[in-house]
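Q: Chains as they are written, first to last, in this note's numbering: chain A, 1 to 326; chain B, 1001 to 1326. Backbone N, C-alpha and C fix where the C-beta goes; we use that ideal spot for every residue, glycine too.
2 protein chains.
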Amino acid sequence: MTPLLDRYRGPIESGLREALRGETALVRILRYHVGLSDEGPGTSALGKLLRPSLVLFIAEELGGRIEDALPAAIGLELVHGFSLLHDDVQDRDEVRRGRPAAWVRWGEAEAINAGDLMHAIALRTALRAGGDVVETLAAAVCDMIEGQSLDLAFEGRFVTEAEYVGMVDRKTGALFRCAFQLGGRCAGVPDPVLATLGEVGLAVGRGFQMQDDFLGIWGNGDEFGKPIGSDVRRRKKTYPVVIGYAASSGEERDRLERIYASENVDAEDVDWIVALFERLGVRECVAEGVGAHSDRARRAIDRLPLSDDGTRELLSLIEGLTRRKK
Amino acid sequence: MTPLLDRYRGPIESGLREALRGETALVRILRYHVGLSDEGPGTSALGKLLRPSLVLFIAEELGGRIEDALPAAIGLELVHGFSLLHDDVQDRDEVRRGRPAAWVRWGEAEAINAGDLMHAIALRTALRAGGDVVETLAAAVCDMIEGQSLDLAFEGRFVTEAEYVGMVDRKTGALFRCAFQLGGRCAGVPDPVLATLGEVGLAVGRGFQMQDDFLGIWGNGDEFGKPIGSDVRRRKKTYPVVIGYAASSGEERDRLERIYASENVDAEDVDWIVALFERLGVRECVAEGVGAHSDRARRAIDRLPLSDDGTRELLSLIEGLTRRKK
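Structure (structure tokens):
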């Protein structure tokens, strides 16, 4: 936990409790899902609260007030939460933050309902910060869902690096860009600053996702991380796969295609792919990609009117995100 | 088609085309789902456009303008459409308006994405009519989803009439109430009129849903209607079931409970239930319920400042809805 994330945890947790109050069956599922209920490992299930913390941090740094930006921050975290609820149904992921996913406990239909409710609550909450904030957030939701759809379509074929980046800018980048821009909007900054904030967000999103993809192959698979090879089993065209496929040829490429076209990927296949990627230098290449996007984010941050302390904190947070091990 | 529905079809269809423009895979699914694409039986798949027509009709009758109310009307129709997309996934309904449901053609995960996108587009579109309109619409979405969740929970047990009505006021009533209130909001009527509009909407919603439930048992099962007994097969606690269960006793009630607790309901069970309901006078009782809520709607409409022609048109529309055969 960096100081930046630590600082905003209190108001964000209160804001989430306020947005998810009530005693219907669905709202109780939402509190469980975001980690506000007592079941399971408690506060560790609340997650890093990364996106809403970025909203509040940027708003404060650029002259806004936490209380004015809080509805936007909470709206964004609820959007992120709703997407995870539906993702888990779509991907049949059974574990979320170390606990059974909502659909495992309450069934698929109710998990879809819970996500739909969370989506509506998210936009209603954001509305309290004004129409511009809702428009920014809802536009990000549209991009995120389009990215989700591309990610799904890519399970059926290999893709180029440009296609991959286009998908990631939507699936992951949209909410990071939104976080930085919501902070700026709530502080009332002019359009050129909003544009730079958007650049920072997209670069952070790319770095974050590429690191996530890295961990999907070389992660340590502990209780809060992805199991090793999990991305291979579901045929996700993650960054290592994009790089590895482009670098492969002949029999190796043929085998790669056969594995990704087959119904069942076994442990031997996963081991072979990991070994192939090592041989082709994919690991280094992915690390370079993550580094390049971190650098891009850093250069854009230099153009923002942040305090010196703020700049240091933000750079340290980004450094942590792109070097994280789970 | 009544004159009221006919009148607003043009602007609503244009508004839907505008909201669902673009060439991504998901937006194409949305155009198919609402019946704007050429595939299948074409315009008949566009549906009655009942809810958005009510928004525009009420707005005009109360002194507003179509063009000002159109974003609210389109937002509401898109909300209705997104709920149908997810409903079909949840209920495994394979046919929607005479064509394969979206999840049958594009898979469950993509149908969930399509619904999520439609939800976000709905609220973005409504935002063009102002923050109050978004708040009204998003609040209706929350109620609708809670009703959806109750409907699902009721599959596991028998319920009282009060519980049934509470569920219907959310699942179906929320969007009808919203239609009337959005029309009023866009015309800028004062709060007491908004309250009466809400009463009309809830009463229409109850009558509409009870007639729907009637058709779920005694419908003729043609290509656009529900198959006979379909509601029984999925253990839905529809109005006839609520009435029939309350009126039953002894061995008949035991058999009713056994059937609704069993995994598979066969044709013989359905026939027995339909015959039991006839014997217990459920058919007449349901028709009376529909009539009572139509009367309630009529009395509330009398308190609205509508034109004489407008009153006649609205009453005729409601009459048609609560006597419809499919």
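Report the three-state DSSP secondary structure of R1028/B (helix, strand or coil).
A: Helix.
Q: What's the C-alpha gap between T1172/B and L1215/B?
A: Straight-line Cα distance between these residues: approximately 16 Å.
Q: Quick one: list the residues of chain B neighbouring H33/A, beta-carbon separation under 7 Å, in chain order.
A: None at all; the shortest Cβ gap to chain B is about 14 Å.
Q: Under a three-way DSSP split, which group does R128/A fall into?
A: Three-state DSSP puts R128/A in coil, outside helix and strand.
Q: Please list, in chain order, the residues of the segment 112–127 of chain A that have any C-beta partner in chain B closer than 7 Å.
A: Flagged, chain order: I112, N113, D116, L117, H119, A120, I121, L123, R124 and L127.
Q: Thinking just about the alpha-carbon of each residue, which of R7/A, M167/A, A247/A and G281/A is nearest to the one in K236/A?
A: It is M167/A whose Cα lies nearest to the Cα of K236/A.
Q: Looking only at its chain, what residues have a beta carbon closer than 6 Å to the beta carbon of F180/A, apart from the 5 residues adjacent to it on each side?
A: Excluding sequence neighbours, F180/A sits near I58, L197, V200 and G201.
Q: Label R1342/B either buried or exposed according to how many other C-beta atoms from any shown protein chain fall within 10 Å of its C-beta, with 16 as the threshold for buried.
A: Residue numbering for chain B in the displayed model covers 1001 to 1326; residue 1342/B lies beyond these limits and cannot be assessed.
Q: Out of curiosity, what's the CA-to-CA distance linking P71/A and R1021/B?
A: Going from the Cα of P71/A to the Cα of R1021/B covers about 30 Å.
Q: List the DSSP bridge partners of D1305/B.
A: The question names Asp, but residue 1305/B in the sequence shown is Pro. Bridge partners of P1305/B: none, in fact.
Q: Measuring only between beta-carbons, confirm whether T1024/B sits less than 8 Å from chain A.
A: Yes - at least one Cβ of chain A is within 8 Å of the one on T1024/B.
Q: Find out if the Cβ-Cβ distance for the pair V133/A, L175/A is shorter than 8 Å.
A: For V133/A and L175/A, no; Cβs fall outside 8 Å.
Q: Please look up how many angstroms separate the CB atoms of H293/A and R233/A, rounded, as I've assumed it's under 8 Å.
A: Not really, about 26 Å apart at Cβ, beyond 8 Å.
Q: Spatial neighbours of R296/A within its chain, please: CB distance less than 7 Å, with the 5 preceding and 5 following residues excluded, ordered by chain position.
A: Contacts found: A203.
Q: Please work out which residues of its chain come closer than 7 Å, Cβ to Cβ, to R1303/B, disregarding the five sequence neighbours upstream and downstream, and give them in chain order.
A: The residues are T1196.
Q: One question on the structure: do I327/A and V141/A come within less than 8 Å of each other, judged by their Cβ atoms?
A: Any question about residue 327/A goes unanswered here, given that chain A covers just 1 to 326.
Q: At least one CB of chain B closer than 8 Å to the CB of S37/A: is that the case?
A: No, S37/A lies away from the interface with chain B (no Cβ there is under 8 Å from its Cβ).
Q: Under 8 Å, Cβ to Cβ, is there at least one residue of chain B near I74/A?
A: Not one chain B Cβ lies under 8 Å of I74/A.
Q: Taking buried to mean at least 16 other C-beta atoms within 10 Å of its own C-beta, is E60/A buried or exposed?
A: Looking at its Cβ environment, which holds 16 or more other Cβ atoms inside 10 Å, E60/A is buried.
Q: Any Cβ of chain A within less than 8 Å of the Cβ of A1069/B?
A: No, A1069/B lies away from the interface with chain A (no Cβ there is under 8 Å from its Cβ).
Q: Going along the segment 169–201 of chain A in order, which residues come within less than 9 Å of chain B, judged by CB to CB distance?
A: Answer in chain order: no residues at all.
Q: Should S1149/B be flagged as near chain A, meaning a C-beta pair shorter than 8 Å?
A: Taking Cβ atoms only, chain A reaches closer than 8 Å to S1149/B, which makes this a yes.
Q: Helix, strand or coil: how does DSSP classify R1324/B here?
A: DSSP places R1324/B in coil when its eight states are reduced to three.
Q: Who are the neighbours of L85/A on chain B, taking C-beta pairs under 9 Å?
A: By Cβ distance, chain B contributes nothing, its closest Cβ being about 10 Å from L85/A, past 9 Å.
Q: Output, in chain order, the set of chain B residues within a Cβ distance shorter than 8 Å of V327/A.
A: In this structure chain A extends from 1 to 326, so residue 327/A is not present and cannot be described.
Q: Sort I1145/B, V1095/B and E1257/B by Cα distance to A109/A and report the nearest one.
A: Out of I1145/B, V1095/B and E1257/B, I1145/B has the C-alpha closest to the C-alpha of A109/A.
Q: Do I1217/B and P1240/B have their CB atoms nearer than 8 Å?
A: Yes, they are a contact pair.
Q: Thinking C-alpha only, which one of G131/A, D254/A, A129/A and M118/A is nearest F158/A?
A: It is D254/A whose Cα lies nearest to the Cα of F158/A.
Q: According to the Cβ coordinates, are H33/A and A122/A closer than 8 Å?
A: In this structure, A122/A does not lie closer than 8 Å to H33/A by Cβ.
Q: Step through the CB atoms of chain A and report whether any lies within less than 8 Å of the CB of V1134/B.
A: Yes, its Cβ sits closer than 8 Å to a Cβ of chain A.
Q: When the Cα atoms are used, what is the spatial distance from D93/A to D87/A?
A: C-alpha separation (whole angstroms): 8 Å.
Q: Within a Cβ cutoff of 6 Å, which residues of the same chain sit near I12/A, ignoring the five residues on either side of it in sequence?
A: Cβ within range, chain order: L49 and P52.
Q: Taking Q1209/B as the reference, give the member of D1169/B, A1247/B and G1188/B with the closest Cα.
A: Answer by Cα proximity: D1169/B.
Q: At a Cβ cut of 9 Å, what residues of the segment 1089–1114 of chain B count as close to chain A, listed as they run along the chain?
A: Residues V1089, Q1090, D1091, G1107, E1108, A1109, E1110, I1112, N1113 and A1114.
Q: Count the other CB atoms, across all protein chains shown, that sit within 10 Å of the CB of S248/A; report buried if there are 16 or more and exposed otherwise.
A: That one is buried.
Q: What first and last residue would you give for the alpha helix (DSSP H) that runs through G10/A?
A: Where G10/A is concerned, the enclosing alpha helix (DSSP H) stretches over P3 to A19.
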